[in-house]
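Residue 62 is where the sequence shown starts when you use my numbering, and the numbers rise one by one after that. Okay, so here's the structure we're looking at.
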Amino acid sequence: MEIAAAVRSRTLRAVDVVASALERIERADPVLCAFLEVWGEEALRRAREVDARVGAGERLPLPGVPIGVKGRHGLRAAGPLLAAGCVAVGATSVPGPGTPWQTWGLGRHGRTVNPWRYDRTPGGSSAGSAAAVAAGLVPLATGSDGAGSVRIPAAWCGVVGLKAGNGRLPSADRTGLAAPGVLARCVEDVAAYWDVMSGDGRGRTDPSVSFDRDESSGPGAHDRPVGRYGDAPTAVWSPDLGFDFPDPDVVAVAHSAAVRLAEAGAIRLVRPRAPLHLDDPAPAWLALRTPGADRAPDPALALAHRIRAANDSRLAALFAEAGLLLTPTAPTPPHGHDGPGDRYSTALTWAFNLSGHPAISIPAGFGPDGCPVGLQVVAAHGRERALLDVARAAEAYARGDAGVPGGPWTDTCVRI
């Protein structure tokens, strides 16, 4: 964690780090439109407080790390990060009124653009967070994921996006479908977020150091972590979850990334006893999100419960056989600013908001349009660290540790 380590050792001042972030935002945000609000004076004041705490000998996990928070109310969920020494520099853009599909962002300067192609959307609803991280304005930004709102913009902007397992972190969502999440360019930065937010840092001031791997027992818990820590976990590949019709170019890029992971020894691809075939979660998700649906008998709600129960049973059977499930993150490339048409960008993500499983999107490569494609990795309940392990292995492979670099991760990484 380069920024945090430098501020902690007092070779950098938090106030200088934050001032640099504010300068980058001032220069780039009129084009990207990634921020709703920028809190310049307040951020500099907070940074000076961090410097004072460090100077007084306080050992903070993430001192001076500038972050974006999703939306105007994002500070409510960022308390542990701020206590760890992070400095919130602004509220990132989210869809404005009258923007269906939640795939747009509306910042203070206008419509949020994808840093890879300005004529494309960054995805949503954590649009500004993804754009700000991808463009290097901040190293880390918070999100929330009710149907794919962290994972889809992570995929379309070529960054890492973690959705925590539902119920693992506090959420104000009345339906229980939404979970907090984070977007970053590097897996270790996502791991630092998880250490702080989950309370698993156990007092360490260097969250990048891997700690014990005895996550909750249950399906998939027998799999040992990847890479130098032990044997590779088993993983099942599914291009469509048994019901969707994703773009063949997207499937090809994501599948190639899965194969590369297997060739690198990070995972062992296996075939399940029966092919995974989930019921389309759309009717269930939409019914559960309808205000008041839980207060009166409703055929749509009854159907939602049947879909949820059936999918939960199938996923439990899969994770009893394998440690991980791999899919494309989104079924299509990022669409233009005129909208997605009749395609649900959430088709491959919102099943895991219904089921509550943790999931991460990692860069898989580029599609024919030059935009990033994401690989979604899903783990059994309570197994966020298994996701971070396989993401680390993917990042190391893409950066050339195996001698064959490839994918968006070959670009310079702005590290915390």
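C-beta atoms are modelled at their ideal positions from N, C-alpha and C, and glycine is treated no differently. Nothing here was measured: the structure is a model prediction, and the numbers come from that model.
- P307 sits buried, since 16 or more C-beta atoms from the chains shown fall within 10 Å of its C-beta.
- For N227, the three-state secondary structure derived from DSSP is coil.
- Ranked by how close their Cα comes to the Cα of R178, the residues W346, A138, G431 have G431 in first place.
- DSSP places L385 inside the beta strand (DSSP E), whose first and last residues are 385-389.
- The bridge partners DSSP lists for D206 are A240.
- One alpha carbon belongs to L201, the other to T153, and they sit about 11 Å apart.
- Note on the region 108-134: whole beta strand (DSSP E) runs with a minimum of 3 residues are 127-131, in chain order.
- Apart from the 5 residues on each side of it in sequence, S416 sits with its Cβ closer than 7 Å to the Cβ of N372, D373, L376 in its chain, given in chain order.
- Its Cα nearest to that of A343, the residue W411 stands out among K224, R85, W411.
- Excluding sequence positions up to five before and after V331, its CB lies within less than 8 Å of the CB of T295, A296, V297, E382, A383, all in the same chain and listed in chain order.
- In the three-state reduction of the DSSP assignment, P309 falls in the helix class, which pools H, G and I.
- Between L436 and L238, the alpha-carbon positions lie close to 21 Å from each other.
- The DSSP assignment places 385-389, 420-427, 433-440 as complete runs of the beta strand (DSSP E) inside the region 383-462, in order along the chain (cut-off: 3 residues).
- With respect to L223, V251 sits close: the two C-beta atoms are nearer than 8 Å.
- For L142, the enclosing alpha helix (DSSP H) has its first and last residue at 140-144.
- Its Cα nearest to that of E102, the residue A80 stands out among Y254, A80, A455, A195.
- Judged by DSSP in its simplified three-state form, V174 adopts coil rather than helix or strand.
- Apart from sequence neighbours up to five positions away, the residues of its chain that approach T388 with a beta-carbon distance below 6 Å are S299, L409, Q437, ordered along the chain.
- G151 has V99, G129 as its beta-bridge partners, per DSSP.
- A check of alpha carbon separations from I368 across A335, D340, G197, G132 identifies D340 as the nearest.
- Taking the Cα positions, E98 is about 22 Å away from H398.
- The Cβ neighbour count for T351, taken over all protein chains shown within 10 Å, is under 16; the residue is labelled exposed.
- Counting the other Cβ atoms within 10 Å of the Cβ of P360 gives fewer than 16, which makes it exposed.
- Within the DSSP bridge table, the entry for G168 names G171 as partners.
- In the DSSP assignment, T295 is bridged to R329.
- Within the model, the alpha-carbon separation for R181 versus R120 is close to 42 Å.
- Residue environment for V155: buried (at least 16 other C-beta atoms within 10 angstroms of its C-beta).
- With a contact defined as Cβ atoms closer than 8 Å, A240 and S232 qualify at about 6 Å.
- With distances taken between CA atoms, L142 lies nearest to V257 out of L379, L349, R114, V257.
- Inclusion of G151 and G129 in the CB contact set at 8 Å is warranted, their separation being smaller than that value.
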